[in-house]
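To start, the structure under review is shown below, and the notes come after it.
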Amino acid sequence: MRLLLIEDEPKIARFIKRGLEEEHHAVDVADNGEDGIALAGVTPYDLVILDLMLPDTDGVDVCRRLRQGGELVPVLMLTARGTLEDKVTGLDAGADDYLTKPFAFAELLARVRALLRRHEGAKTAQLHVADLTLDTATHDVRRADRRVELSNKEYAVLEYLMRHAGQVVTRTMLLEAVWDYDFHPGSNVVDVYIRYLRRKIDDPFPVKILATLRGSGYRLRAPDDP
Ligand code: CA
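So, in structure tokens, the structure goes:
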């Protein structure tokens, strides 16, 4: 998943970014509201984590402007204050949830997972394609009941492919969904990761489910495909 973090305190931003990357997400950071709104306008984020107190404006204003622009992305508001009034104002501005600083990182992760799940409309945390399963809560990946060990990026690529099972997924879609702006494309990184992934989820098994479509991208077989 690709996340946007709007947070002006460098230490907190680094801490959150690193923790979310360990959870296989790609994270872009904006240290002010205007940059955050601009980024959200050009990148299809899966979630925005938004600090309430920003140098140029505040999180309530940013949230309101995102919603006015028709942005439906889930927003998790971070607030140093914990008063009822702030929470109500944030939620009224269109935030989906809020978390009061200081918070335990485990709680941030749990809320991020819940918001992403709700947004995907998924009832369970499990994705299935053929005999391949991926659990977005535990990060457990299995094929034919055998556990598959994946790196962070391999996992992120696979999750995206599973969420788009049966569809053609282009390199650009994968780059946008799995890599952040600190990564400079132009290399064959997507092909490299597809190769790693195929070695783990396809090569050991008789039935192949990850196809390369020459010139267009990749497709993970839909469950009802023959
Ligand atoms: Ca702040």
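The numbering used here numbers the first residue of the sequence shown as 181 and each following residue consecutively.
Glycine included, every Cβ here is placed at the ideal spot set by N, Cα and C.
None of these values were measured; they are calculated from a predicted model.
Identify the residues that DSSP records as bridge partners of alanine 357: which are they?
Note: alanine 357 sits in no beta bridge, so no partner.
Exposed or buried, glycine 213, counting other C-beta atoms within 10 Å across all chains shown (16 or more means buried)?
buried
Since leucine 314 is in the alpha helix (DSSP H), which residue starts that stretch and which ends it?
Run containing leucine 314: none in the alpha helix (DSSP H); it sits in the beta strand (DSSP E), 312 to 315.
Entirely within the region 197 to 250 and at least 4 residues each: give me those alpha helix (DSSP H) ranges in chain order.
213 to 222 and 239 to 248
Leaving out the 5 sequence neighbours to the left and right, which residues in its chain are closer than 7 angstroms to tyrosine 373 when beta-carbon positions are compared?
Lys333, Glu334 and Val337
Residue burial classification, valine 348 (beta-carbon count within 10 angstroms, cutoff 16)
exposed
6 angstroms Cβ shell around arginine 322 - same chain, five flanking residues per side excluded:
Thr313
According to DSSP, what are the bridge partners of alanine 468?
Coverage of the chain is limited to positions 181 through 406, which leaves residue 468 absent and any answer about it impossible.
Exposed or buried, which one is tyrosine 361 when buried takes at least 16 other CB atoms within 10 Å?
exposed
Ligand 1 heavy atoms versus the CB of methionine 342: any closer than 7 angstroms?
no
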